[in-house]
DNA sequence: CATGGCGATTACATCGTTGTAAATGGGTCG
DNA sequence: CGACCCATTTACAACGATGTAATCGCCATG
């Protein structure tokens, strides 16, 4: 098979200059119909495709954006990725997905490293980043943060109102008469991460209901997977008195908890309630199905892509933005729905 | 913030030529310790990083490989992606993930389009590709296929023995006394896709056991998600006589089926058995937990990356290979385990 | 002391594309 | 009929890196 044709080959085939071919490719307006047709024919005949490296080197753009998430096997991120790709596609961009493993140096690599160079912008869902990591980032790469927001990094941000969401979830449990509500995956102190914000919302709801905030009922976890939820739920069931509801900070944790409770012979929602966050597809099909706080993923993806593209078009012109998207509590069987 | 430094800037800072800087970066052996140290210091001082577009333009390599899968929200692919990234990382490569949506033109785009240009090679898990699509691909891009293999495309391939795996799964059901075994997601005819191969394995087991192969018991599905499994299971329960086991061609289908059976008041494994494929994390935690055929994902990722890198190093030297990796049936509650 | 050899370094060209500025050529207007 | 305008096309250079081949400088050898 012959080597890949270059713009020069197309030019020779069509009997024009390389620049004219480039003009056709880039839809430059002052190209006669005749020439345009001839060039197009040459392109088709030779099977020409632009070389992105060449183009990027010259004009500094690739038409691609990168989405960096902690873990793809956390369904929330996989589903989000799907939405982002659809949204970017509709706007003529290609998405590269990168997985950071929630490791700080990998998140940094997304900001500075290989990936950053290939794309015109980055949508990053950080977990381990320090605020100052963002402060030192290369300003020439447009960035939109999702979910967590490491304080003021001077970076655009899209996310739900985590405090309110957690408060509402807790209020839902309270309205069902639950009083000893434990938080799986929560954080009492530390960075203003998602875990901390949601715990704050929980606390607000408890205190508003005149109930004590018991730090002992807030269990941190290593990761947000089924197994961690199962482990945490099992541990909580050894408490005396036992919790009568579990507020789990994502659906994986909640689903793992459901399984652990089943093994311990506890009925959900008979003996206790369980609620999650994210509304992943699995939550509709578990037994019992899972009540959960559903962020508007479609809206998050839409806003993230929109903000990023604006930044790319006008790196400085746009003022800093923090877009809050909607969420709602979807009541299912695990809280009697 | 200053513009990103170029190799020329580093050279001036260190008082050497650009080419010497390049030699240091690329570990060329004939560089004196003194110079190497000086250049390294300049690199650190300026925060220099190679521009990949420039490098790729010159030497045609990026150090990145692309993994293209149908859908990231199918947990199997998300888990596989994780393994591939780990494997590539260990070998100093970066992985770009691309989602094809199981759409033929998107799979083609992975072969020809943007992504292909950015990476030195492609690991593709095809679903909709025609054999001739592969035949016409650009031979200069090393490709390894996963799972499905569209006949002879002259392409390296890694996968499990689907026929044997399905036969073993069916035999497991038969050994438990099941006789009316339905296949959710199966295909009686058509391309030699995974669905077809697994259905063939099922058929082998049935016939070997002296049981009739009933095409009516093989239900195709639109997609491999929970909802499709739920729908299919509900439909099957209206048959008379009812199936006494469901062989689901992936775990999502099986988990959806479990939920539908629960709604219909059918006990698993009391009234019927359910078995899946893939061994995704969710399958350990469902109620009941799911018996499933577990492909060795780690091995698949390892083999795929190894084959691809060999191809990249020696595009022609390596003969065509088809690597079959192991699998095993993990018996859990859904078949009485 | 001249010569050769070799490690270290460098000048130059080039990868494929597109921005800049200039050239071309046909048509309009005075 | 000559000057000018403007749509169209082109020559040239440059983006950042590295391969090639040449050069430089030092040391061993005869």
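Chains as they are written, first to last, in the working numbering: chain D, 2 to 338; chain A, 2 to 338.
Beta carbons: idealized from backbone N, C-alpha and C, even for Gly.
For residue 329 of chain A, the enclosing beta strand (DSSP E) stretches over residues 328-331.
In this structure the segment 209-228 of chain A lies against the segment 166-186 of chain A, because at least three pairs of beta carbons, one per stretch, are closer than 8 angstroms. Non-local beta-carbon contacts of residue 254 of chain A in its own chain, meaning distances under 8 angstroms to residues more than five positions away in sequence, involve 185, 186, 222, 225, 226, 227, 229, 230, 233, 277 in chain order. The three-state secondary structure of residue 281 of chain A, taken from DSSP, is coil. Residues of the same chain with a CB within less than 6 angstroms of the CB of residue 174 of chain D, apart from the 5 flanking positions on each side, are 182, 246, 274 in chain order.
Residue 10 of chain A sits in a helix when the DSSP states are folded into three classes.
By alpha-carbon distance to residue 207 of chain D, the top candidate from D/243, D/170, D/195, D/190 is D/170. Out of D/196, D/124, D/145, D/177, the CA that lies nearest to the CA of residue 164 of chain D is found in D/196.
Taking C-alpha positions only, residue 38 of chain D is separated from residue 59 of chain D by approximately 26 angstroms. In the structure shown, residue 122 of chain D falls within a strand segment according to DSSP collapsed to helix, strand and coil. In this structure, residue 36 of chain A keeps its C-beta atom at 8 angstroms or more from the C-beta atom of residue 51 of chain A. Scanning the segment 237-303 of chain A from its first residue to its last, the whole alpha helix (DSSP H) runs of 4-plus residues come out as 252-264. Annotation: Cβ neighbours of residue 83 of chain A in chain D (cutoff 9 angstroms, chain order): 72, 73, 74, 100, 102. Chain order gives the chain A residues near residue 53 of chain D as 54, 57, 115, 118, 119, where near means a beta carbon separation below 9 angstroms. Contact between the segment 119-130 of chain A and the segment 61-74 of chain A is established, with three or more Cβ pairs separated by less than 8 angstroms. Residues 231, 234, 235 of the same chain have their beta carbon placed closer than 7 angstroms to that of residue 261 of chain A, with the five preceding and five following residues left out of the count. A distance below 6 angstroms between beta-carbons, with the five flanking residues on each side excluded, links residue 299 of chain D to the following residues of its chain, in chain order: 84. Note that the C-beta distance between residue 23 of chain A and residue 8 of chain A is below 8 angstroms. Residue 97 of chain A counts as buried, since at least 16 other C-beta atoms from the protein chains shown sit within 10 angstroms of its C-beta.
The beta-carbon separation of residue 47 of chain D and residue 11 of chain D, rounded to 6 angstroms, stays under the 8 angstroms limit for a contact. Take the alpha-carbon of residue 320 of chain A and the one of residue 309 of chain A: they are about 12 angstroms apart. Residue-level contact by beta carbon holds for residue 257 of chain A and chain D, with a gap shorter than 8 angstroms.
DSSP, read as helix, strand or coil, puts residue 212 of chain A in coil.
Excluding the 5 residues flanking it on each side, residue 326 of chain A has same chain C-beta neighbours closer than 8 angstroms at 159, 160, 161, 296, 297, 300, 301, 304, in chain order. Linking residue 257 of chain A to residue 19 of chain D through their CA atoms gives a straight-line distance of about 56 angstroms.
Per the C-alpha coordinates, the member of A/142, A/315, A/166 positioned closest to residue 148 of chain A is A/166. Going by DSSP, residue 41 of chain D is part of the alpha helix (DSSP H) stretching over 34-47. If you ignore the 5 residues before and after residue 216 of chain D, its C-beta comes within less than 6 angstroms of the C-beta of 189, all in its own chain and listed in chain order. In this structure, DSSP gives residue 129 of chain A a state outside helix and strand, which the three-state scheme calls coil. For residue 16 of chain A, no beta strand (DSSP E) run applies, since DSSP gives it neither H nor E. Residue state for residue 324 of chain A is assigned as strand, using DSSP reduced to three classes. Per the coordinates, the alpha-carbon of residue 103 of chain A lies some 11 angstroms from the alpha-carbon of residue 73 of chain A. Here residue 338 of chain D has 292, 332 as same chain residues with Cβ atoms under 7 angstroms from its own Cβ, once five neighbours each way along the sequence are excluded.
Distance from the CA of residue 204 of chain A to the CA of residue 168 of chain A, rounded to the nearest whole angstrom, comes to 8 angstroms. Under a criterion of Cβ atoms nearer than 7 angstroms, the residues of chain D adjacent to residue 286 of chain A are, in order, 227, 231, 256, 257, 260. In the DSSP assignment, residue 183 of chain D falls within the beta strand (DSSP E) that extends over 182-185.
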